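Take a look at the structure below.
In this note's numbering, the protein residues as written are 40 to 342.
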């Protein structure tokens, strides 16, 4: 579902291009670049010449609200009928598309801000957690097996670890594979408001520990030229991209829509996908990255 630049109409000097709305194709999640971002770009096209008063922050808040309503709808499925799973899934799709739209709009208009990045992360947390809780409650409602809620929390813990790994490796890749940084860097703690300081502290501390745990201590690769770093780590980065939030939400809203018809299988499918397949993928991706990391160190020693 990728949108070709040739398919867009308007003055070539002024028109927005889909490629300009992306962060970096090597770090983009496959489901985002093939589905969520093309939908978001179609949604954003009227914003170029109209609706200029709408900002990325407005879209971030709208995404969070849609995610909360998705969670409430999924929660209602327990006692009001499984059709609410379908409603929750559709609302979550809207939330994901809006979440893609905010950053894309910021890039198309010339860049984002540190505050916007932090609010976006907070919005993702609220929307994702709301949807997870609503889904978990309804999929386990009336079931008394002892493993139900432990499995739900393992699913949640796995999602948090996966997203933390992906986010930190993505930042690490972008910092060293580009001559110019591509993410907002301007952050002055003395000028930031209390809300921005709290969000920044939470973001940095929650992800830093996970990253230090899985990346290893080799810094040889960071001395590679940007183009060489990109070439060497491009494949493991693309494997890492399957651990991102967009992929997890795609799986969750797909399970929600499926559960509108067969809710009794929703939990086991979620466990297989996230606890099983994605945990194996996470281990493989980290091992792959660290193997290349060590090979850089060995090559440096030989030289």
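The beta-carbon is built from N, C-alpha and C at its ideal position, and this holds for glycine as well. None of the values given here were measured: they were computed from a predicted structure.
By the neighbour-count definition (other C-beta atoms within 10 Å, threshold 16), residue 330 is an exposed residue. For residue 88, there is no enclosing alpha helix (DSSP H), as DSSP gives it neither H nor E. The C-alpha of residue 306 is placed about 12 Å away from the C-alpha of residue 184. When rounded, the separation of the alpha-carbon atoms in residue 333 and residue 65 is 21 Å.
Shown here, residue 65 sits in coil according to DSSP, grouped into three states, outside any helix or strand. Assignment of residue 197 by DSSP, reduced to helix, strand and coil, places it in the helix class. Looking at 176, 74, 103, 267, the one whose alpha-carbon comes closest to that of residue 216 is 267.
Close CB contacts of residue 232 within its chain, under the 7 Å cut and outside five residues either way in sequence, are absent. For residue 110, the enclosing alpha helix (DSSP H) begins and ends at 95 to 119. Note that the C-beta distance between residue 136 and residue 286 is not below 8 Å. Residue burial annotation: residue 191 is buried, with at least 16 other C-beta atoms found within 10 angstroms of its C-beta. Per DSSP, the unbroken alpha helix (DSSP H) holding residue 153 starts and ends at 153 to 179.
Contact check between the stretch 115 to 135 and the stretch 146 to 159: fewer than three CB pairs, one atom from each, fall below 8 Å, which does not count as touching. When DSSP states are grouped into helix, strand and coil, residue 76 belongs to the helix group.
Contact check for residue 109 against residue 172 fails: the beta carbons are separated by 8 Å or more. A residue is called buried once 16 or more other Cβ atoms fall within 10 Å of its Cβ, and residue 138 is buried on that count. Three or more beta-carbon pairs separated by less than 8 Å link the stretch 139 to 147 to the stretch 95 to 104, which places the two stretches in contact. Contact between the stretch 196 to 211 and the stretch 274 to 286 is established, with three or more Cβ pairs separated by less than 8 Å.
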